[in-house]
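Protein chains in written order, with the numbering used here: chain X, 28 to 437; chain R, 28 to 631; chain B, 1043 to 1433. The beta-carbon is built from N, C-alpha and C at its ideal position, and this holds for glycine as well.
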């Protein structure tokens, strides 16, 4: 009796301690990747892989604990098949599944943003650069981390006009090509004398010799091709095979491995091809990007271009698009921390405007209330191909400060 | 007058309700139960599934609409996706550029697609089946390429974004379901009614149908326009449900998929399109589910799956799923059709058919040379002669199937030489074909009804769908008359027998009854007794005699000289397109040159 | 840097040479030394340090809206930063910003976060970043001038508008006194005179001081030049004394009462505009003898170490205060050139918005209309039924 009293009290105290309100919980948050896995698998897989890498890192390094909840992130893929209707339908499904964020290639965002916005779910566009897609005032839940078409076009104009070239503007008849043509027209509007011709390249045509001949006859001393990768390759083949060796300039699609694959039989035709793209490194050097790249390779392997240098070394493609999705997931994590968890989605969305991280390229990355573009127009640089690999050009102030990224398989 | 109108209305509604109750069998119960369950489905499903179902239902609506063209009229339309696109983008542009409301936009889509169907249909419906399919396929490509070429109109790769407005997914679902039900019922009613019979006859045997006065162009155009309009409405509504008009979503594959669905489900069934689409969707979902398990995207296999299914259907006979299942269930507990009363329609008064100097050549071959004859009311003029003598050619010029190179044809002294076939049939000149040509997909009664429908005034598509009192009363009378005619030709008991199951001679009797059902004033019979037994010939002889006594004018082409001797008032003998003799049967029988040219060892 | 070394050398020599008084090296505040937390305005803390290559110039126009009594109703700032570099830049300008937009001539678009204006990009040689920001009214507490106005209202005829101006920049600062090293101090004064912005002196320097007394409180202010003008709007004309100019602080009184009197010919709204600029006290920096302070200490024996130290400290602290008010929004380059002009103007009273008269039934279809529609539907259905029955 004397011993059982204190024991009984101890037992009661233990029970009281166990039944408190500070119980720890776990929650899985879905990150939906909405892209065309069936039609453009390279882009879609890269976006998904970048997100998965960020999630993997989080799991391996330290769990995401906010308050008394441990959050686990999960990447779920939705195939749009290139159709905006399917893209919107996928968004509806992701919203129904209470996704915490949507990583989108960009197709159909014009309609899907409202669906996601009603649930305060952010959409991050990671491929398409059309300027109308992002508007912080009208579409507060839409963000983008990828160079904008506007930025690329204006930088191209800024780069080419001082060279005194007469540029033939060629664009394909896809939506991408036509939108690009429109934005290039605005970019060159102040310098119409820099343009020699404007021509449309039919995407379905197997041979673009007539169009390139027309461009040549216009007196052009340079060609700017705003088109998808297959059309860029065809244009280059048409020009070079006829002996027309003027410099070629392209938007980021010029770096697509497909261009080099199509010209594998004539690697010398690729030399000199210059493309504009988002910088992979910052002023501090390539170390942050190399660190990201090695983690990416460890997780997903090397992305082979399928061609070799003159010395017979296989060429690999740096995972550019993966950096964008990787950065967005890390921004999201930061926003979750800033909002005190995922309970209030509106707070998480608002917090996305207030956080900054060090991006995969070593640069600071973040959004704010006025600007939802994670890649500023200034961060577009130019790189030129030589022997199937590219290096930043030296005749552009930004590009000349950037180091060369190795593209040879280790 | 107002109370009389109201009384009549009440009586009509009561009669219609009685008829409906009588026709309400277990399939109708099952269908009604299914529809009620479907209407209640949103209560049990989440919004994503309701959205998906609504989208599928709009596609089913387009497939049902396609059934009007493909199933009813036998026109292989590969352009339904184009009409969906026209409706969709009309609605999308009105919503986005003009601020129109959802219903105005949908109605506008319907109207524009219908007009497009009308304009294109005027050219397309005159084409043969192969060219029609090609033309509609080109239309599908043309619309898709136009949308791709003008991103300023179509929204380009991003499509045109439309705000959903006041209609949520549940409202869309219910609306889509109601429209599918209405369009299926309309298709069912038209298929069973006079327009459906006529289109079915055209589909099976065009020449025979035209000979019975079926208005091919008008009916086919109506079916095509109806199909286009429903497709446009489906497009206009589905685009508002999706919230985005994607040009790439209305490519030729959509038209192909809808066509495959109609064939797969059964183009002759009102729900064939829905069933076919259900099978395609089911298999597609299954493949996606399997793909998801293996982390593979199988969306790109959808066109291949649809093509494989279509090939399977065509390889298995092309009938489709619903007719296949129906054939099975036909033998199991299907309620018997109510016995119809028989009455004989009053024959029309005969007319004088006059042919003066008719000549017709085919290349260098003279088929007819300077033929002149007259067939008056209450007479049977027999045309005889060896094979190739021009007898059938003569009948074809009289009926309007062929235009003579020279000469004049008159009806009651009125020149009708330039009148086309359809007009002559309406005037009462009806011809039976030389070869046996019944509509095998129909019963004997339905075959006769095709002929009877010529004289109906309340048998249009709208009246048929709405089952108006006049339409139903007229239908009853036509059925009774058809029964009566079958009795006359001795086939009263075979009224519900499929024509394909009748003997050759019985089929020719059905052809006779079909011709008579149109109340002809001049009957042109081409070897009506061919293949018949002595009993059949005897029956025909009695019928012809009766018809002659009733005042009908008959021109009879025959090889059976006993029949000719028995019934003909006069005989004209043709040889190599020329009249070599004419006169009474007895007089003709005695002429040596006739015997020489034709009879040979035969005795008249 | 050179002066610091010099200062150190001198101090060392003095320590060796002077046997009696203990010399101490004391930190001498420069114009770049902030005397208070604000201005520049505070806001968000920097999550990452600013990235830029100096120099960065900052030029600001601060629009202060006043009501009829002179109370602040709104503050807007247009800041123009000029970068001279070929490199990346990432700048966070703390401010209680409510809204920001790009201003004329800007070569980039500003971003906005809670309590900050953001800039990010790459400058190739020269880049102008111009933003116009609407600030939280709390920012008014950091304005240099307080205004009280009476009589500023619409009238026709004689008017007498009283404007009380108060220089609000005065602050009490803890500093030191003692006998400073004369040559060092003379050089400091000459440097301050040459470069009142303080970029040459940098963030601070050292002076050798004997007989040091710490924790001496002094008050400093930023001299303000105020130019006022009265206009009458609506096309009306006014005559009389409609403008004035005043200097507040910097040895002159911090407060001033100004009267604007005249006649208004029309009923237009009177609008008062006060342009305020923090002014460098040039007079204080002029040497009493010679062309430079270095010459002056040779010519005027009264310029002993104690007096020179006091004068230099006062001048430097005043310049620091001036510099604070020349960076209402922070210049990321603490030593970069900065100018600011404050324009106080009476804001026109917003037009009254009369509420719309309330509807009697709160909108939507009334029961009568619904009943009418229902009856119409029934009649329509009946009519269709009759039509059907007769067709």
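Which residues in the same chain as residue i place their Cβ atom closer than 6 Å to its Cβ, once the five residues preceding and following it in sequence are excluded?
i, result
"residue 340 of chain R", "290 and 291"
"residue 274 of chain R", "174, 175 and 181"
"residue 1257 of chain B", "1216"
"residue 1129 of chain B", "1095"
"residue 327 of chain X", "76"
"residue 78 of chain R", "196"
"residue 427 of chain X", "421"
"residue 330 of chain R", "280"
Apart from the five residues just before and just after residue i, which ones in its own chain have a Cβ nearer than 7 Å to its Cβ?
i, result
"residue 422 of chain R", "458, 551, 553, 582 and 584"
"residue 1138 of chain B", "1083, 1085, 1157, 1177, 1178, 1180 and 1181"
"residue 328 of chain R", "314"
"residue 369 of chain X", "54, 56, 98, 127, 363 and 375"
"residue 1298 of chain B", "1207, 1288 and 1290"
Report the option in the options whose CA atom is closest to the CA atom of residue i.
i, options, result
"residue 102 of chain R", "R:75, R:169 and R:157", "R:157"
"residue 220 of chain R", "R:623, R:621, R:505 and R:417", "R:505"
"residue 1349 of chain B", "B:1223, B:1332 and B:1333", "B:1223"
"residue 226 of chain R", "R:587, R:580, R:306 and R:99", "R:99"
"residue 244 of chain X", "X:70, X:323 and X:194", "X:194"
"residue 282 of chain R", "R:208, R:168 and R:251", "R:168"
"residue 474 of chain R", "R:535, R:451 and R:492", "R:535"
To the nearest whole angstrom, what separates the beta carbons of residue i and residue j, a pair I think is in contact under 8 Å?
i, j, result
"residue 308 of chain R", "residue 347 of chain R", "Residue 308 of chain R to residue 347 of chain R, Cβ: 16 Å. No contact."
"residue 499 of chain R", "residue 46 of chain R", "7 Å"
"residue 262 of chain X", "residue 273 of chain X", "So it is not a contact: roughly 12 Å between Cβ atoms."
"residue 109 of chain X", "residue 79 of chain X", "That belief does not hold up - the Cβ atoms of residue 109 of chain X and residue 79 of chain X are roughly 22 Å apart, past 8 Å."
Taking the alpha helix (DSSP H) that residue i belongs to, which residues open and close that run?
i, result
"residue 53 of chain R", "53-67"
"residue 1312 of chain B", "First-last for residue 1312 of chain B: 1312-1320, but that is the beta strand (DSSP E), not the alpha helix (DSSP H)."
"residue 446 of chain R", "Per DSSP, residue 446 of chain R belongs to no alpha helix (DSSP H) and is neither H nor E."
"residue 1358 of chain B", "1347-1368"
"residue 315 of chain X", "314-327"
"residue 1094 of chain B", "Segment: none, residue 1094 of chain B is in no alpha helix (DSSP H) and carries neither H nor E."
"residue 385 of chain X", "Per DSSP, residue 385 of chain X belongs to no alpha helix (DSSP H); it is in the beta strand (DSSP E), 383-385."
Between which residues of its own chain and residue i is the CB-CB distance below 8 Å, once the five residues before and five after are set aside?
i, result
"residue 431 of chain R", "385, 386, 387, 395, 424 and 444"
"residue 398 of chain X", "163"
"residue 385 of chain X", "315, 391 and 392"
"residue 236 of chain R", "225, 228, 229, 243, 466 and 477"
"residue 447 of chain R", "427"
Output the boundary residues of the beta strand (DSSP E) element that contains residue i.
i, result
"residue 1070 of chain B", "1065-1070"
"residue 1299 of chain B", "1297-1306"
"residue 1248 of chain B", "1247-1262"
"residue 1283 of chain B", "Residue 1283 of chain B -> no beta strand (DSSP E), and no H or E assigned at all."
"residue 1164 of chain B", "1158-1177"
"residue 423 of chain X", "Element bounds for residue 423 of chain X: n/a, residue is neither H nor E."
"residue 407 of chain R", "406-411"
Is there contact between the region 1085-1105 of chain B and the region 1272-1283 of chain B, where contact requires at least three CB pairs shorter than 8 Å? no
Looking at C-beta atoms only, is the number of pairs between the region 443-452 of chain R and the region 608-623 of chain R that lie closer than 8 Å three or more? no
Looking at C-beta atoms only, is the number of pairs between the region 1071-1080 of chain B and the region 1139-1157 of chain B that lie closer than 8 Å three or more? no
Within 8 Å, do at least three Cβ pairs link the region 1122-1140 of chain B to the region 1188-1200 of chain B? no
Counting Cβ pairs closer than 8 Å, one from the region 308-325 of chain X and one from the region 279-299 of chain X, do we hit at least three? no
If contact is defined by three or more beta carbon pairs under 8 Å, each pair taking one atom from either stretch, is the region 1358-1368 of chain B in contact with the region 1224-1238 of chain B? Short answer: they touch.
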